[in-house]
Amino acid sequence: MSVETILQLVISSTLVYSAPLIFTALGGTFSERSGIVNVGLEGTMIMGAFAGIVFNLTFADKFGSATPWLGLVAGAVVGLVFSLLHAVATITLRADHIVSGTVMNLMAPALGVYIIKLMYGKGQTSMISENFGYWNIPGLSKIPFIGPVLFTKTSSTAWVAILIAFVASWLLFKTRFGLRLRSVGENPQAADTLGLNVYVLRYAGVLISGVLGGIGGALFAQSIAGNFSASTIVGQGYMSMAAMIFGRWNPVGAMGAALFFGFSQSMAIVGAQLPVVNQIPAVYLQIAPYVFTILILVIFFAKSKAPAADGVNYIKSV
Amino acid sequence: MNKINSYSTGLVAGLAVFFGLIVGAVIMLISGFNPVTGYISLVQSALGSSLNIGEVLRAMTPLILTAAGFLVAQSAGFFNIGLSGQVWVGWIASTWFVLANQGMNPWILIPVAVIIGAIGGAVMGFIPGWLRAQFGASEVITTIMLNYIVLYGGNAVVQGLPKHLMATTDMTKTLSATDSLRWDFLSNITGGSRFNIGFIIAVVALLGIWFVMKRTTLGFEIRAVGLNPDAARYAGMSAKRNAIMAMTISGTLAGLAGATEGLGTYLNIFSQSAAPQVGYDGMAVALLASGSFLGILFAAFLFSVLSVGGLGMPLATGVPTELVSVVTAAIIFFIGANYLIRFILVKLDEDDEKSKNKKDKKKAAKLNKKEAK
């Protein structure tokens, strides 16, 4: 294999595997920046995957190649509704954030498979006919060397995800909304005394994470898994949470970490075709993201602090 | 509003179960099933025959152990999500030991294997405890990460075991009944179920851990650190040492649960697509028990009835098994959001008082009238 083909294979598969993680990790960033720990990203992704696949199977004839993109919208809507559960529990009903997130993760696969069994009479759906294929970016793919390596037969959704990471960074750090969202995550009492509505802002944070997590799940299902069952999403949500921590609660950092985790995941799959990498047992590549996350937590503990009021319920004094 | 915390946890837990079952009933109604026949079929499939009762007791075994493990960590202020991974390590370690040493006297082999399983879990509990104590790394995150490391690592270990121990590439050979925790007596009285000595181990361990936590210095220190780390340090207790101890004990119990799974229930090891579910279910049991050791027995029984009964539901009524997991999750939701339940209770009490006051006033008014006459 030539260097160019190897790079092309590695980069395109990295992008395919990273894209769902980027979306979900960005979602987690919004939630935790507003002060709500979101262990339920895994559950949100499962519901997103469920919605994306059901939409795709139902409407593939009608919408043709646009179906997967609309499937992402379906995933976003269902993710939003599902995350409302977490928001109500933690913000309004003062539930422990980890308990509520765990409830989401217990609930999602059960609910998804329950509905699938009623709809299709079996525990896993058929394969979808319209999925996210590979795509050449017009114009950029003509650049010599860089074009074929980066922009030919690549994942369009990954580039969208990368773009959204920068938008999210701008939103969090350069806009009034972002400043307010971060302030209720750092010091809700102070934010409240300055007239901000802590509850509304925290709801916004959690619901944004629902939308992005739902998109992440729908994307994973429609680009990698191809169907929905109890084992469609196994750990991608937790991996996204890890990416968020690895990226130190920063959208661009989370994106970078998600790219790295996507690379590591894709190596476990396509590594067999590559020289050198095929000598490494797949298990090391599978566990690498998790090992690195623990190491980062240990090494950068002093620097990688979560938002100060992350996980702390805000009870307005009367 | 101090009243809101005045209700007993038992009452709140009972109401959470009730609301969870209501959620399940509503879902059955929406999807066109009769909730009454649904729940009746669930109870019948769980408790209808001695075989099923045996399976319920069997299902309780790992839940009691993992729930007790969760509770110990929680007493020290930690959230051990790593129970699943600790179960998996205990399962592999104990069962592998027996597979590799077949022919040894079972009276030595099995106890040693159980202890090895417990040690495996202990190591997996020690790591996040130490990372927390030494580096302040959140145990919630490290245990989640360790679950996946152990899941994939464990699968690789299972697939890499010597060929003569394997039945297929993903599954070991089955242990003989003599080299396991099975006991004919327990099996026979429950119609040939997989009910085994693991249950006795679980109950004894629960009693033991209750004693340690409530009657020994170690337990007192762990609870003190959990309640107020600063005050505990001021009183000369080491927060670090107790953090590590609590997580290690927690892991030990989960490792024991893994040993009962491997040596009592399945009698082999097979690769998993996700870390064993009993870890997460044990968490649910402990949360429902709300800090009570006796509560663990009730909660484990309830969840085992749900899970064993749920298996019979599709045949009897067509309701998919997954319904019971939705109910379980809903119960934990209400436990987590117990503020809602307490709030409703306060409102109910206030209404009672109001109507009582109204009645009293009316009575008083009547009396006044009479007197006026």
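For the record, the sequence lines run as chains U and P.
Mapping of the first sequence onto the working numbering: residues 2 to 319, in sequence order.
Mapping of the second sequence onto the working numbering: residues 126 to 498, in sequence order.
Note that beta-carbon positions come from the ideal geometry of N, C-alpha and C, so glycine has one too.
The alpha helix (DSSP H) with residue i in it runs from where to where?
i	result
Thr-442/P	418–442
Met-128/U	Per DSSP, Met-128/U belongs to no alpha helix (DSSP H) and is neither H nor E.
Val-283/P	264–284
Val-100/U	98–121
Asp-406/P	402–414
Arg-203/U	199–221
Leu-86/U	68–88
Trp-136/U	Unbroken run through Trp-136/U: none, as it is neither H nor E.
Thr-161/P	Going by the sequence as given, residue 161/P is Val instead of Thr. First-last of the alpha helix (DSSP H) with Val-161/P: 160–172.
Ser-131/P	Note, Ser-131/P: premise wrong, no alpha helix (DSSP H); not H, not E.
Tyr-391/P	From DSSP, Tyr-391/P is part of no alpha helix (DSSP H); its letter is neither H nor E.
Tell me which residues share the same chain as residue i and place their Cβ nearer than 8 Å to its Cβ, disregarding the 5 neighbours each side in the sequence.
i	result
Ile-235/P	Val-223, Asp-304, Ser-305, Leu-306, Leu-388
Leu-381/P	Leu-190, Gly-215, Val-239, Gly-242, Ala-243, Gly-246, Ile-326, Ala-327, Ala-330
Ala-303/U	Annotation note: pLDDT 49 at Ala-303/U (below 50); position unreliable, no value reported.
Leu-182/U	Phe-31, Arg-34, Ser-35, Leu-173, Leu-202, Ala-205, Gly-206
Thr-442/P	Phe-158, Asn-159, Thr-162, Gly-163, Ser-166
Ser-224/U	Val-17, Ala-20, Pro-21, Pro-69, Asn-132, Phe-133, Ser-156, Thr-158
Lys-495/P	none
Glu-5/U	Phe-146, Pro-149, Val-150
Within the same chain, show all residues whose beta-carbon is closer than 7 Å to that of residue i, passing over the 5 residues directly before and after it, in chain order.
i	result
Met-48/U	Val-79, Gly-80, Phe-83, Ala-109, Gly-113, Gly-215, Gly-218
Asn-367/P	Ala-201, Glu-346, Ile-347, Val-350
Leu-141/U	Gly-148, Phe-152
Sorted by chain position, which residues of the same chain lie with C-beta nearer than 6 Å to residue i's C-beta, five sequence neighbours on each side aside?
i	result
Met-126/P	In this predicted model, Met-126/P has a pLDDT of only 48, less than 50, meaning its place in the structure is not dependable enough to derive any value.
Thr-15/U	Gly-263, Phe-264, Ser-267
Ala-411/P	Ala-192, Phe-195, Leu-196
Ala-26/U	Ser-241, Ala-244, Met-245, Ala-255, Ala-259
For the beta strand (DSSP E) that residue i lies in, which residues bound it at each end?
i	result
Thr-293/P	291–293
Determine the chain P residues that contact residue i at a beta-carbon separation under 7 Å, and present them in chain order.
i	result
Gly-236/U	Tyr-273
Val-299/U	Leu-256, Phe-260, Ala-262
Tyr-115/U	Pro-445, Glu-447, Leu-448, Val-451
For a contact defined as C-beta to C-beta under 7 Å, what are the partners of residue i on chain U?
i	result
Met-270/P	Ala-243, Tyr-291, Thr-294, Ile-295
Tyr-277/P	Val-284, Gln-287, Ile-288
Leu-465/P	Leu-94
Thr-267/P	Ile-295, Leu-298
Gly-461/P	Ala-90, Ala-96, Asp-97, Val-100, Ser-101, Val-104
Ala-371/P	Under the 7 Å cutoff, chain U gives no residues; its nearest Cβ is about 17 Å from Ala-371/P.
Could you tell me which chain U residues have their CB closer than 9 Å to the CB of residue i, listed as they occur along the chain?
i	result
Pro-354/P	Those within 9 Å of Pro-354/P in chain U number zero; the least Cβ separation is about 16 Å.
Tyr-405/P	Thr-103, Asn-106, Leu-107
Ala-171/P	Near Ala-171/P there are no residues of chain U at all, since even the closest Cβ is about 18 Å away, more than 9 Å.
Ala-198/P	Correct list: empty, because the minimum Cβ distance to chain U is about 12 Å.
Taking residue i as the query, report the chain P residues whose CB atoms sit under 9 Å from its CB, ordered along the chain.
i	result
Ala-226/U	Simply none; closest approach about 13 Å.
Ser-156/U	Those do not exist, as Ser-156/U stays about 24 Å from chain P at its closest Cβ, beyond 9 Å.
Asp-311/U	None at all; the shortest Cβ gap to chain P is about 10 Å.
Lys-118/U	Pro-439, Pro-445, Thr-446, Glu-447
Ile-37/U	Under the 9 Å cutoff, chain P gives no residues; its nearest Cβ is about 13 Å from Ile-37/U.
For a contact defined as C-beta to C-beta under 8 Å, what are the partners of residue i on chain U?
i	result
Leu-388/P	Under the 8 Å cutoff, chain U gives no residues; its nearest Cβ is about 25 Å from Leu-388/P.
Ser-398/P	Ser-232, Val-235
Ile-457/P	Val-100, Thr-103, Val-104, Leu-107
Ala-489/P	Here the premise fails: no neighbours, minimum Cβ distance about 33 Å.
Using a Cβ cut-off of 8 Å, pull out every chain P residue sitting near residue i, in sequence order please.
i	result
Leu-220/U	Simply none; closest approach about 21 Å.
Checklist entry - What are the residues of the segment 101–113 of chain U that lie near chain P, defined by any Cβ-Cβ distance shorter than 9 Å? => result Residues passing the 9 Å Cβ filter: Ser-101, Thr-103, Val-104, Met-105, Asn-106, Leu-107, Met-108, Ala-109, Pro-110, Ala-111, Leu-112, Gly-113.
Checklist entry - Should the segment 359–370 of chain P be called in touch with the segment 422–441 of chain P, which here means at least 3 C-beta pairs below 8 Å? => result Judged by Cβ distances under 8 Å, the segment 359–370 of chain P makes no contact with the segment 422–441 of chain P, as fewer than three pairs qualify.
Checklist entry - Given 8 Å as the limit, is there contact between the segment 250–262 of chain P and the segment 271–280 of chain U, that is, 3 or more CB pairs closer than that? => result Segment contact: the segment 250–262 of chain P against the segment 271–280 of chain U, fewer than three CB-CB distances shorter than 8 Å; contact not assigned.
Checklist entry - Can we say the segment 228–241 of chain U touches the segment 384–400 of chain P, given the rule of at least three CB pairs closer than 8 Å? => result Taking a contact to require three or more Cβ pairs closer than 8 Å, the segment 228–241 of chain U and the segment 384–400 of chain P qualify as touching.
Checklist entry - Mind listing which residues of the segment 201–234 of chain P have their C-beta closer than 8 Å to chain U's C-betas, in chain order? => result Of all residues in the segment 201–234 of chain P, Phe-204, Ile-206 have a Cβ within less than 8 Å of some Cβ in chain U.
Next on the checklist: Residues of the segment 194–211 of chain U in Cβ contact with chain P at a cutoff of 8 Å, in chain order, please.
Outcome noted: For the segment 194–211 of chain U, which is checked against every Cβ of chain P, not one residue is closer than 8 Å.
Item to check | Interfacial residues, the segment 409–428 of chain P to chain U, with Cβ spacing under 8 Å | outcome: Those would be Ala-409, Leu-412, in chain order.
Item to check | Selection of the segment 131–155 of chain P by Cβ proximity to chain U, strictly under 9 Å | outcome: With the criterion set as a beta carbon lying under 9 Å from some beta carbon of chain U, the members of the segment 131–155 of chain P are Ile-152, in sequence order.
Checklist entry - At a cut of 8 Å, does the segment 24–40 of chain U reach the segment 304–319 of chain U through at least three beta carbon pairs? => result The segment 24–40 of chain U is in contact with the segment 304–319 of chain U.
Checklist entry - Quick one, which residues of the segment 428–455 of chain P are near chain U if we go by CB-CB under 7 Å, in chain order? => result From the segment 428–455 of chain P, only Pro-445, Glu-447, Leu-448, Ser-450, Val-451, Thr-453, Ala-454 have a Cβ closer than 7 Å to chain U.
Item to check | Residues of the segment 330–362 of chain P whose Cβ lies closer than 8 Å to any Cβ of chain U, in chain order | outcome: Correct list: empty, as no residue qualifies.
Checklist entry - Should the segment 479–490 of chain P be called in touch with the segment 141–160 of chain P, which here means at least 3 C-beta pairs below 8 Å? => result The segment 479–490 of chain P vs the segment 141–160 of chain P: no contact.
Item to check | Contact list for the segment 240–267 of chain U against chain P, Cβ threshold 7 Å | outcome: Flagged, chain order: Ala-243, Ile-246.
Checklist entry - Are the segment 202–214 of chain P and the segment 261–275 of chain P in contact at 8 Å, needing three or more beta carbon pairs? => result Cβ pair count under 8 Å is three or more, so yes.
Item to check | Inter-stretch contact at 8 Å, needing at least 3 Cβ pairs: the segment 86–99 of chain U / the segment 451–462 of chain P | outcome: With the cut-off at 8 Å, the segment 86–99 of chain U and the segment 451–462 of chain P touch.
Next on the checklist: So, does the segment 132–150 of chain P touch the segment 444–460 of chain P, judging by three or more C-beta pairs under 8 Å?
Outcome noted: With the cut-off at 8 Å, the segment 132–150 of chain P and the segment 444–460 of chain P touch.
Next on the checklist: If the cut-off is 8 Å on Cβ atoms, which residues from the segment 280–297 of chain P count as contacting chain U, listed in chain order?
Outcome noted: Identification of residues in the segment 280–297 of chain P having a C-beta nearer than 8 Å to some C-beta of chain U yields Asn-280, Ala-281, given in sequence order.
Checklist entry - If we count Cβ pairs, one from each stretch, closer than 8 Å, do we get three or more for the segment 406–425 of chain P versus the segment 37–51 of chain U? => result Counting Cβ pairs under 8 Å, fewer than three are found: no touch.
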